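Take the position in the sequence shown, starting the count at 1, then add 84; the result is the number in the numbering used here. By construction, the Cβ of each residue, glycine as well, lies at the ideal position given by its N, Cα and C atoms. Every value quoted in this text rests on a predicted model; they were computed, and no experiment measured them. Scroll down for the structure; my scribbles are underneath it.
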Amino acid sequence: MGFHTFDPAKAARLDDESRYQFCSRDELLGALAAGGGADDHLLDLGSGTGFYTTALAPFFDRVSAVDIQPEMHDHFRDNGVPANVSLVESSTDSLPLADSSVDAVVSTMTAHELPLAATLTELRRVLDADGRLVIVDWSAEGRGEAGPPRSERLGAADLRESLTEAGFSVERAEERGETLLIAATSN
Ligand SMILES: C[S@@+](CC[C@H](N)C(=O)[O-])C[C@H]1O[C@@H](n2cnc3c(N)ncnc32)[C@H](O)[C@@H]1O
C-alpha cells in the first residue's frame, strides 16, 4: 500500500455530492472517451463506497469495483450496488482477473494509497490493447484545503513518469486546482 489506507469510519464523507467540485462524472467519462451504450468492462480501482462507480456504471456493460477493505464494500452494499457492478475484494497489485479482460480503468482519489509500480504492471496485464487508464487524485501541487496532507500526495509529473516507465502512453497529465488528472493508453 501507499502512505495509508482510507479509514472506513469516515466512509460517509465519500458520499457527499460536494465532491463533484473536485471531479465530476462527465470529466471522467470524457477522459475515458466513453459515451452511452458502451459494451465495455470498466475497472474501478479503490472503489470505496461506490460514489463514482455508481455514477459511471450506466455507461459501461459491466464494472468491477476493486477494494482491499471489505468494510468499504459493506458501505457500497448499503448504498445499493447497480446490477452491472461486481464487487472484487483485492489489492490492486494482484487482481483476480484474466489477461486482457478489461477495456478501461478508472481510479479516483486513491492513487496515492496504492503500491503504484506493482499496480501499473498488473494493469498492463489485465488491460486489453489500447485500453484506457484515467486517474484523478489529490495533487501534491494543490493547496491542501481538502483531502489528505500534501506530503502524502503525488504530482501529475510523478504519475506521468511512473506510467511511462510501466509502458503506458500518457495523453494527458494535468495539474488542476487541488487535483491532478492523468489519461493514458496501455499500448
Ligand atoms: C480515498 S478512498 C476513495 C474511494 C473512491 N475511489 C472515491 O473516490 O469515492 C480510497 C479507497 O481505496 C482503497 N484502497 C487503498 N489501497 C488499496 C489497494 N492496495 N487495493 C485496493 N483498494 C485499495 C481504500 O480501501 C479506499 O476504499
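Neighbourhood of residue i by C-beta distance below 7 Å, restricted to the same chain and skipping five residues each side
| i | result |
| --- | --- |
| VAL172 | SER148, ALA149, VAL150 and PRO180 |
| SER102 | none |
| GLY121 | Because GLY121 sits at a pLDDT of 45, beneath the cut-off of 50, its placement in the model cannot be relied upon, and the following sentence gives the value as read from the coordinates. Excluding residues within five positions, none has a Cβ falling inside 7 Å. |
| GLU262 | PHE106, TRP222, SER223, GLY226, ARG227, GLU229, ALA230 and GLY231 |
Helix, strand or coil at residue i according to DSSP, with G and I counted as helix
| i | result |
| --- | --- |
| VAL218 | strand |
| LEU112 | helix |
| ASP151 | strand |
| ASP128 | strand |
| GLU229 | coil |
| ARG146 | strand |
| LEU117 | One point to set straight first is that residue 117 is Ala, not Leu, in the sequence displayed. The answer is coil: DSSP assigns ALA117 none of H, G, I, E or B. |
| SER235 | helix |
| ALA93 | helix |
| ALA195 | helix |
Boundaries of the alpha helix (DSSP H) in which residue i is found, first to last residue
| i | result |
| --- | --- |
| THR263 | From DSSP, THR263 is part of no alpha helix (DSSP H) but of the beta strand (DSSP E) over 263 to 269. |
| VAL210 | 200 to 210 |
| ASP171 | The identity of residue 171 in the sequence shown is Leu, whereas the question assumes Asp. Not the alpha helix (DSSP H): LEU171 falls in the beta strand (DSSP E), residues 169 to 173. |
| THR176 | Element bounds for THR176: n/a, residue is neither H nor E. |
| ALA139 | 135 to 140 |
Host beta strand (DSSP E) of residue i (start-end)
| i | result |
| --- | --- |
| THR248 | Premise fails: THR248 lies in the alpha helix (DSSP H), 240 to 250, not in any beta strand (DSSP E). |
| THR192 | 186 to 192 |
| ARG256 | 253 to 259 |
Contact set for residue i: own chain, Cβ-Cβ below 6 Å, skip 5 residues either direction
| i | result |
| --- | --- |
| HIS88 | none |
| GLY132 | LEU98 and MET156 |
| ASP257 | Correcting the residue type first, residue 257 is Ala in the shown sequence and not Asp. ALA240, ARG244 and ILE266. |
| SER170 | SER148 |
| TYR136 | THR192 |
| ILE152 | SER175 |
| PHE160 | THR133 and GLY134 |
Cβ-based neighbour list, residue i, same chain, cut-off 8 Å, excluding 5 preceding and 5 following
| i | result |
| --- | --- |
| ASN271 | ALA213, ASP214 and SER253 |
| THR269 | ASP214, GLY215, ARG216, LEU217, PHE252, SER253 and GLU255 |
| ARG109 | TYR136, ALA139 and LEU140 |
### Query
Any contact of the stretch 185 to 205 with the stretch 155 to 167, i.e. 3+ C-beta pairs under 8 Å?
no
### Query
Okay, do the stretch 223 to 235 and the stretch 198 to 209 touch, 3+ Cβ pairs below 8 Å being the bar?
no
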